[in-house]
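**Student:**
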Amino acid sequence: MRHVWLVAWYELTTILRKRSFWIMTFVLPFFFTLLYGGILWLSGQTMEQNAPAMDLETILTVAEEGEVEPEVGATAVAPATVAAEAEVAPTAVPQSTVGAVAAAPTAEDDELGNPIGLVDQAGVASLLPPNVPAEMVLYFATEAEAETAVRDGRIQEFFVLPPDLPADGRILVVSQKVSPFYAGNNFLLRYLLAYNASGDALLTAALMEPVDDYTVTFSAPLVQEEKQVTTFLLFVAGGLFFLFFFIISMSSGYMLQSVVLEKENRTMEILLLSLRPQTLMLGKLIGLTGLALFQMSFWFGALIFFMVRSIQQAQTVQIDASLPVQFWVGVALFFALGYVMYVTLVGVLGAATPNMREGGQFVMLLTLPLLLPLLAVGDADGPWMLFMSLFPLTAPIAMPTRLAYFPVPAWQIGLSVGLMVLVMGISLHLMGRFFRPDMRWSHVWRR
Amino acid sequence: MHNVWRVMWFEYVTRVRRRSFLLLLFGVPVVMVLFWGLLAWLAVRDADTRPFGYVDEAGVVQEQGSVVAELMAATYLPFATRVQAHEALAAEEIAGYYVIPPDYWQTHQIEAMVWDEALPTEQTILFEQFVEQNLQAQLSAEARALVTDVGPFEFRQVDSDEVLRPSTIQFILGLGFVFLFTMVIFSFSPYLLRIVSDEKENRTMELMMTMVSPEAMIYGKLLGLTAVFGTQMVVWGGLFVVVALGSLVALQVVPYTFLLLVLLFGVPTFMMLVAIMTAIGSVTANLEQGQQMAGMVNWVFTFPLFFVLIALVDPNNPLMVGLTFFPLTAFAAVIMRWAMGATPLWQVVVSWLLVVMTAVWMMLLAVRVFRVGMLEYGQRLGWSTIWRVVRGGEK
Chain A
1 MRHVWLVAWY
11 ELTTILRKRS
21 FWIMTFVLPF
31 FFTLLYGGIL
41 WLSGQTMEQN
51 APAMDLETIL
61 TVAEEGEVEP
71 EVGATAVAPA
81 TVAAEAEVAP
91 TAVPQSTVGA
101 VAAAPTAEDD
111 ELGNPIGLVD
121 QAGVASLLPP
131 NVPAEMVLYF
141 ATEAEAETAV
151 RDGRIQEFFV
161 LPPDLPADGR
171 ILVVSQKVSP
181 FYAGNNFLLR
191 YLLAYNASGD
201 ALLTAALMEP
211 VDDYTVTFSA
221 PLVQEEKQVT
231 TFLLFVAGGL
241 FFLFFFIISM
251 SSGYMLQSVV
261 LEKENRTMEI
271 LLLSLRPQTL
281 MLGKLIGLTG
291 LALFQMSFWF
301 GALIFFMVRS
311 IQQAQTVQID
321 ASLPVQFWVG
331 VALFFALGYV
341 MYVTLVGVLG
351 AATPNMREGG
361 QFVMLLTLPL
371 LLPLLAVGDA
381 DGPWMLFMSL
391 FPLTAPIAMP
401 TRLAYFPVPA
411 WQIGLSVGLM
421 VLVMGISLHL
431 MGRFFRPDMR
441 WSHVWRR
Chain B
448 MHNVWRVMWF
458 EYVTRVRRRS
468 FLLLLFGVPV
478 VMVLFWGLLA
488 WLAVRDADTR
498 PFGYVDEAGV
508 VQEQGSVVAE
518 LMAATYLPFA
528 TRVQAHEALA
538 AEEIAGYYVI
548 PPDYWQTHQI
558 EAMVWDEALP
568 TEQTILFEQF
578 VEQNLQAQLS
588 AEARALVTDV
598 GPFEFRQVDS
608 DEVLRPSTIQ
618 FILGLGFVFL
628 FTMVIFSFSP
638 YLLRIVSDEK
648 ENRTMELMMT
658 MVSPEAMIYG
668 KLLGLTAVFG
678 TQMVVWGGLF
688 VVVALGSLVA
698 LQVVPYTFLL
708 LVLLFGVPTF
718 MMLVAIMTAI
728 GSVTANLEQG
738 QQMAGMVNWV
748 FTFPLFFVLI
758 ALVDPNNPLM
768 VGLTFFPLTA
778 FAAVIMRWAM
788 GATPLWQVVV
798 SWLLVVMTAV
808 WMMLLAVRVF
818 RVGMLEYGQR
828 LGWSTIWRVV
838 RGGEK
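Residue numbers (the working numbering), protein chains in the order written: chain A, 1 to 447; chain B, 448 to 842.
(1) Report buried or exposed for residue 38 of chain A, applying the criterion of at least 16 other Cβ atoms within 10 angstroms of its Cβ.
(2) Determine the direct distance from the alpha carbon of residue 777 of chain B to that of residue 710 of chain B, and round the result to whole angstroms.
(3) Quick one, are the C-beta atoms of residue 159 of chain A and residue 116 of chain A less than 8 angstroms apart?
(4) Could you give the distance in angstroms between the alpha-carbon of residue 293 of chain A and the alpha-carbon of residue 343 of chain A?
(5) Give a yes or no on whether the minimum CB-CB distance between residue 849 of chain B and chain A is below 8 angstroms.
(6) For residue 761 of chain B, is the classification buried or exposed, using 16 other Cβ atoms within 10 angstroms of its Cβ as the cut-off for buried?
(7) For residue 581 of chain B, does the count of other Cβ atoms within 10 angstroms reach 16, so buried, or fall short, so exposed?
(8) Of the residues A:184, A:141, A:393, which one's Cα is nearest the Cα of residue 420 of chain A?
(9) Return no unless some Cβ of chain B is closer than 8 angstroms to the Cβ of residue 196 of chain A.
(10) Check for me: the beta strand (DSSP E) holding residue 595 of chain B runs from which residue to which?
(11) Suppose the cutoff is 6 angstroms on Cβ atoms and the five residues either side in sequence are ignored; what does the same chain contact list for residue 279 of chain A look like?
(12) In the DSSP assignment, find the unbroken beta strand (DSSP E) run with residue 601 of chain B in it and report its ends.
(13) For residue 251 of chain A, count neighbouring C-beta atoms within 10 Å of its own C-beta (all shown protein chains included) and say buried if the count is 16 or more, exposed if not.
(14) So is residue 14 of chain A in contact with chain B if we call contact Cβ pairs under 8 angstroms?
(15) Starting from the Cα of residue 587 of chain B, find the closest Cα among A:197, A:176, A:239, A:52 and give me that residue.
(16) Does residue 602 of chain B have its Cβ less than 8 angstroms from a Cβ in chain D?
(17) Once DSSP output is grouped into helix, strand and coil, what is the label at residue 182 of chain A?
(18) Along chain A, which residues have their Cβ under 8 angstroms away from the Cβ of residue 474 of chain B?
(19) Short check: CB of residue 165 of chain A to CB of residue 124 of chain A, under 8 angstroms?
(20) Does the beta carbon of residue 171 of chain A sit closer than 8 angstroms to a beta carbon anywhere in chain B?
(21) Helix, strand or coil for residue 393 of chain A? Go by DSSP, reduced to three states.
(22) Using the three-state DSSP reduction, which class does residue 83 of chain A fall into: helix, strand or coil?
(23) Comparing alpha-carbon positions, which option in B:793, B:456, B:673, B:721 lies nearest residue 775 of chain B?
(24) Can you pull the DSSP bridge partners for residue 175 of chain A?
(25) With 8 angstroms set as the bound, which would you pick, yes or no: does the beta-carbon of residue 263 of chain A sit closer than that to a beta-carbon of chain B?
(26) In the structure shown, what three-state DSSP assignment does residue 611 of chain B receive?
(27) At 8 angstroms on the CB atoms, spell out the chain B contacts of residue 388 of chain A, in chain order.
(28) What whole-angstrom Cβ distance do residue 705 of chain B and residue 785 of chain B have, given they're in contact under 8 angstroms?
(29) Cβ closer than 9 angstroms: which chain B residues qualify as neighbours of residue 151 of chain A?
(30) Measure from the C-beta of residue 211 of chain A to each C-beta in chain B and report whether the shortest distance is under 8 angstroms.
(31) Tell me, please, which residues DSSP counts as bridged to residue 559 of chain B.
(32) Cβ closer than 8 angstroms: which chain A residues qualify as neighbours of residue 757 of chain B?
(33) Go through its chain and collect everything with a Cβ distance to residue 89 of chain A's Cβ below 8 angstroms, but skip five positions before and after it.
(34) Does residue 416 of chain A pass the burial test, meaning 16 or more other C-beta atoms within 10 Å, or should it be called exposed?
(35) Can you pull the chain A neighbours of residue 616 of chain B, defined as C-beta to C-beta under 9 angstroms?
(36) Got a sec? Which residues, its chain only, sit under 6 angstroms from residue 561 of chain B by beta carbon, not counting five neighbours each side?
Okay, here's the thing in structure tokens:
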């Protein structure tokens, strides 16, 4: 046992002395936080500078909620110099919608951006919807006048609606900055055209957003609750997968590096003169687990701290900790066992692969089965999920997911734990045979 | 030149003949196919072919004159009341039904009733189209044209006569390529890093240097490793590339400008990557240190991807222009801005010249660093030594 602690201590102190470990643990998270913060800030600034006159949410919210009685004709803003009056007449407007239109936000509202210009040569956008303030859409007779307005900063961009617009749908957008795939004001223009086509604010809003959301109800007896649980389970399984995958990826890197380097520089042969392979492996496992726990506790501690603060500030989310006790016990048990099992398997890979790069690729293949339980979450009490909760490589994700759903029989938990321990035992046994610097896969197979 | 080919051939054959390489080469596609096959099987197994019904309490669906109703009659069965629809659901005649409630005009909310299976996303999209087309059916043909036939949008900058016609294919192709480039950079760098580290670590480098020049050694290994990587890419992505290019040819939208940009910028960018990785492999004492430095370099090459939102909103933003002129980020920035449809030609030309000059300089520098690295064998080169090499003072 003394040798185990010696190896663990050596692993721990060797890595703790590396500058790269401390950089990785403390500096890198702050660097990336700063980097992403900077990127978000820059992106936010750019979005603000190029904000549309009215965004989709503002238009539709006001259009749907407003209850102001319309004054026919009062909302129509005649274009300054456009000769042609709109000829398009709405048809078959449903009775239920007539009479209910929206209130316009004022120009001082935060939701409003820079106004847009219109050169309406087709005369198809002469009516302004009641919820669009007149100062947000400026009409111009010619492109030249509109260009002057862009240069003066009165508008950000303007649209040219050609005389044959309904036949030829092409619309020219002229702006100070060209951004063809952003086109934030296109929605407002489409809304204007749809309103002129329908003449009704509510029908126009529905045309722009036929379905906002679906409310789904399950009719089968007792299914409603189960389906809600299934959706919840998908989050549970997904969360467990990402957490476990991240921890395994980080820890396996240390393990692989430790084993492969000692193999490559041939110190392994000397070490194995005075140590049993199992002792060596156990020592590495304890040392590296300690390191991983330290690193993870810092990262996740910081993450949880920031998340809790964000939630407290937002004051909108309530954390529902209604998961059964057996779930948390299961998570602790299967995470711990799964972690040790996977790191041991990575150790076997490290012992059997000739170099770090190939070892890394095999680790990726080894962790792929962890994804499989996500596919069967919809059938958490089915045979496929049962199999995966017993199969050692998928059990760390599948068993806690099932435990979140219903009480799993004790014999299944026992069998799953037993199989994982068995895999660990076989791995430790095999590792001793694989520790040879010139090991090839053919040797591995023969042994 | 003969030595270059010999080194290349040795490098390629040694790596490709490894069983572990072959296992990965064919194992990854097999695993991926099995994974996606399993997903597809689950989707087919759970598919429900029964129609859906609807109850229209808001007067949205037009019974007369609607093209939609004729097209979708088989998919959506009308029910007068919720009770009737629910009876059909309980009798398993329909997979579910939608209710368009009276307050639909204010909320745009739709109620969906199913038995015990989840509502498929594609089904909700289809019903949204059904509602949309019924709303449009309330307009006259002329008015409907104003809602449905508007576009495409064309773009022009003030004081410019050039009219831009954005292409969705261009957008997808460009952004898709930048993501692919990121993956290639991160997966190919480890290969490049080993360009000299293997021989340095197993101490055969001195022996090789007695027979081949540093230039022949580096160029030969570079070609060999590129061939190894190419083999992996052809097997993994060959089918996908053939299908993608074939589709573009079939659609008669072969993006010649895109191919030209990739060729013009791709080759010197690749040369820069090789030069930097060779230099890192030469100055670091072991592979671990090299990997850490290489990781940082990889981030720089793919840095423009972080600013995809800025490129989308304002492709000519000073930041994007700056990234276009910085040689290490130029390739990704140029392709991203090309995807957004707005890059002045002069900027592309200046950027390309900068990239080419930097690539040539870096290749020469890499060979110089490699020579010095050989002289300082087994030790990490100090920053002062590297700086002297960069300035050309170290012979």
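Just so it is clear, CB atoms sit at the ideal spot from N, CA and C, and this is done for glycine as well.
**Tutor:** In brief:
(1) exposed
(2) 13 angstroms
(3) yes
(4) 13 angstroms
(5) The displayed coordinates of chain B run from 448 to 842. Any statement about residue 849 of chain B would go beyond what the structure contains.
(6) buried
(7) buried
(8) A:393
(9) yes
(10) Counting along the chain, residue 595 of chain B falls outside any beta strand (DSSP E), though it belongs to the alpha helix (DSSP H) covering 588-595.
(11) 3, 4
(12) 600-604
(13) buried
(14) no
(15) A:197
(16) Absence of chain D from the displayed structure is noted, the protein chains being A and B.
(17) coil
(18) 365
(19) yes
(20) yes
(21) coil
(22) Residue confidence is low: residue 83 of chain A scores 33 on pLDDT, short of 50, so the model does not pin down where it sits. No coordinate-derived value is stated.
(23) B:721
(24) A:157, B:604
(25) no
(26) strand
(27) Correct list: empty, because the minimum Cβ distance to chain B is about 12 angstroms.
(28) 7 angstroms
(29) 605, 606
(30) yes
(31) A:216, B:545
(32) 42, 43, 46
(33) Low per-residue confidence applies at residue 89 of chain A: pLDDT is 37, beneath 50, and the placement is therefore not dependable, though the value from the model is reported in the following sentence. Within the same chain, residue 89 of chain A has close Cβ partners 199.
(34) buried
(35) Going along chain A, no residue has its Cβ under 9 angstroms from residue 616 of chain B, so there is no contact; the nearest lies around 12 angstroms.
(36) 543
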